[in-house]
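Letter by letter, the sequence shown follows residues 4 to 351 of my numbering.
Note that beta-carbon positions come from the ideal geometry of N, C-alpha and C, so glycine has one too.
Computed from a predicted model, the values in this text were never measured in an experiment.
Read through the structure below, which is laid out as structure tokens, and then see the notes.
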Amino acid sequence: MNPQPSPQSPAPGVVRFYSFLPQGDRLSEDVLAGLALPQKSIPPKYFYDEQGCRLFEAICELPEYYLTRTETAILRGNIAEIAQFVGPEAQLIEFGSGVQAKTRILIQALQTQLYVPIDIARILIQALQTQLYVPIDIAMDTLRASSNELSRRFPFLNIVGICADHTRPIVLPEFVGVPIRRKTVFFPGSTIGNFTPAEALVFLRQARKMAGAGGVLLIGVDLKKDKVTLDAAYSDPKGVTAQFNLNLLHRINRELAGDFQVKRFRHKAFYDPILGRIEMHLESQYSQFAHVAGRRFDFAPGETIHTEISCKYSIAEFQELGKRAGFTPEKIWTDPEQLFSVHGMVAS
Ligand SMILES: C[S@@+](CC[C@H](N)C(=O)[O-])C[C@H]1O[C@@H](n2cnc3c(N)ncnc32)[C@H](O)[C@@H]1O
Numbered sequence: 004m005n006p007q008p009s010p011q012s013p014a015p016g017v018v019r020f021y022s023f024l025p026q027g028d029r030l031s032e033d034v035l036a037g038l039a040l041p042q043k044s045i046p047p048k049y050f051y052d053e054q055g056c057r058l059f060e061a062i063c064e065l066p067e068y069y070l071t072r073t074e075t076a077i078l079r080g081n082i083a084e085i086a087q088f089v090g091p092e093a094q095l096i097e098f099g100s101g102v103q104a105k106t107r108i109l110i111q112a113l114q115t116q117l118y119v120p121i122d123i124a125r126i127l128i129q130a131l132q133t134q135l136y137v138p139i140d141i142a143m144d145t146l147r148a149s150s151n152e153l154s155r156r157f158p159f160l161n162i163v164g165i166c167a168d169h170t171r172p173i174v175l176p177e178f179v180g181v182p183i184r185r186k187t188v189f190f191p192g193s194t195i196g197n198f199t200p201a202e203a204l205v206f207l208r209q210a211r212k213m214a215g216a217g218g219v220l221l222i223g224v225d226l227k228k229d230k231v232t233l234d235a236a237y238s239d240p241k242g243v244t245a246q247f248n249l250n251l252l253h254r255i256n257r258e259l260a261g262d263f264q265v266k267r268f269r270h271k272a273f274y275d276p277i278l279g280r281i282e283m284h285l286e287s288q289y290s291q292f293a294h295v296a297g298r299r300f301d302f303a304p305g306e307t308i309h310t311e312i313s314c315k316y317s318i319a320e321f322q323e324l325g326k327r328a329g330f331t332p333e334k335i336w337t338d339p340e341q342l343f344s345v346h347g348m349v350a351s
């Protein structure tokens, strides 16, 4: 599949997919470059092979991982107001769509708000046929499976799945034949936290451009809180997060002819209150070496590969970031314990 910047006409019930991923092996390039740095590091986007996506789903079920259930409860609890804020005939563009669980809540609500007018059937059919959902994710298999499943649930929805890396510029095609009143960029899951604040600003500027003037940003952002809660969320006693982190080494062994002895590394995650972020690492337990694509990398005992950050924000800090990217913060939805926030912003 090639990038398709030309106008596209989607069709309800037919899921179309496009890959905007660059040709060539970026995994190999990025891993070799990252392991050659003084602080070895691998970008978190490489967590999400098939096994990584499965493990992330399992993380979302963990009692310690409050993020998913809290964000879901916020969306469910405020859905009427959120649907009103987004409005009808929205083109919904979702970054890092994953299994699209939260999308279902939103699409269901955007659908039900259309039951209000008198001629229900006409309005419903018209409205569903004109709604357009564009999920964007780097994990092609998950993108395909969840988009097909969503299409079965909402057969009148137009779905165009884009396999792309959202750390790079993405130019979406224009969609023709679908009336769109407003573009809405949806970015749940606090995936924005995987960027440093400077990178988040670049991403938000891209989202602003994509939404266009008057478009909406609906974004889930994890809030700053006590270290005990945060440390527990990223180091569960069952070891699911450890498996997720260590799967990166298994992936390198599988895909890049690596020979990491995975058992000789351990998962390490901690909240740094000064930087306001979780850091996740893979720590070498011994003096050892591993080969990747024919190159040797040495590890001292205690040396780490940095695999992820998850930045936490106060509501005010994130609103400030949104403003700098060209959005006007209009709505904020949160839970009673102020664990998580969903921001509604309008592109100014
Ligand atoms: C933390 S999960 C969130 C999933 C889902 N949105 C949720 O709220 O539960 C991150 C998702 O973003 C995708 N992802 C991570 N980095 C990405 C990148 N650079 N470009 C595109 N998708 C990415 C992953 O494949 C995964 O589905």
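I'd like the list of long-range same chain contacts for T337, defined as Cβ closer than 7 Å, with 5 residues on each side in sequence excluded. I77, F343 and S344, listed in sequence order.
Would you kindly report the start and end of the unbroken alpha helix (DSSP H) that includes L352? As shown, the chain starts at 4 and ends at 351. That puts residue 352 outside it, with no answer to give.
Given I82, which residues of its chain have a CB within under 7 Å of its CB, disregarding the five upstream and five downstream residues? Short of 7 Å from the beta carbon of I82, and not among the five residues preceding or following it, lie these beta carbons of its own chain, in chain order: I108 and A112.
So G325 and K334 are in contact, right, with Cβ under 8 Å, and what is the actual spacing, rounded? Not quite, the Cβ-Cβ distance comes to about 11 Å (not below 8 Å), so this is no contact.
Any idea what DSSP makes of P200, helix, strand or coil? P200 falls in the helix class under three-state DSSP.
Specify the secondary structure class of Q129 as computed by DSSP and reduced to three states. Residue placement at Q129 is poorly supported in this model, since its pLDDT is 38, which falls under 50; the coordinates still yield a value, given next. In this structure, DSSP gives Q129 a helical state, which the three-state scheme calls helix.
Using the Cα positions of M143 and S149, report the straight-line distance between them to the nearest angstrom. Approximately 10 Å between the Cα atoms of the pair.
Within a Cβ cutoff of 6 Å, which residues of the same chain sit near P304, ignoring the five residues on either side of it in sequence? Excluding residues up to 5 positions away in sequence, Y289 and S290 lie with their Cβ nearer than 6 Å to the Cβ of P304 in the same chain.
Per-residue DSSP class, three states only, for Q11: Of the three classes helix, strand and coil, the one that applies to Q11 here is strand, per DSSP.
Tell me whether E97, by its Cβ, gets closer than 8 Å to a heavy atom of ligand 1. Relative to ligand 1, the beta carbon of E97 is positioned inside 8 Å of a heavy atom.
Contacting residues, own chain, Cβ-Cβ under 6 Å from L252 (five flanking each side not counted): If we look at L252 and ignore the five residues flanking it on each side, its Cβ neighbours are F263 and V265.
Should Y237 be counted as a contact of ligand 1 given a C-beta to heavy atom distance under 8 Å? Proximity of the beta carbon of Y237 to ligand 1 is not indicated: no heavy atom of the ligand is located closer than 8 Å.
For the region 179-197 and the region 213-232, state whether three or more C-beta atom pairs, one from each stretch, are separated by less than 8 Å. Flag = yes, the region 179-197 and the region 213-232 touch.
Is it right to say D229 is buried, meaning 16 or more other beta carbons lie within 10 angstroms of its own, or is it exposed? D229 is exposed by the Cβ-count criterion.
Using the DSSP secondary-structure output, state which residues sit across from R327 in a beta bridge. R327 is not bridged by DSSP to any residue.
Could you name each continuous beta strand (DSSP E) segment of 3 residues or more that falls completely within the region 183-264, going from the start of the chain to the end? If we require 3 residues or more, the beta strand (DSSP E) runs fully inside the region 183-264 come out as 185-190 and 219-225.
Please confirm if the region 157-169 is in contact with the region 265-284, defined as three or more CB-CB distances below 8 Å between the two stretches. The region 157-169, when compared against the region 265-284, does not touch it at the 8 Å Cβ threshold.
In the structure shown, what three-state DSSP assignment does K271 receive? It is a strand residue.
Cutting at 8 Å between CB atoms, please list the residues of its own chain near R19, excluding the five before and the five after it. Once the five neighbours on either side are set aside, the close Cβ partners of R19 are Q11, P13, I162, V163 and G164.
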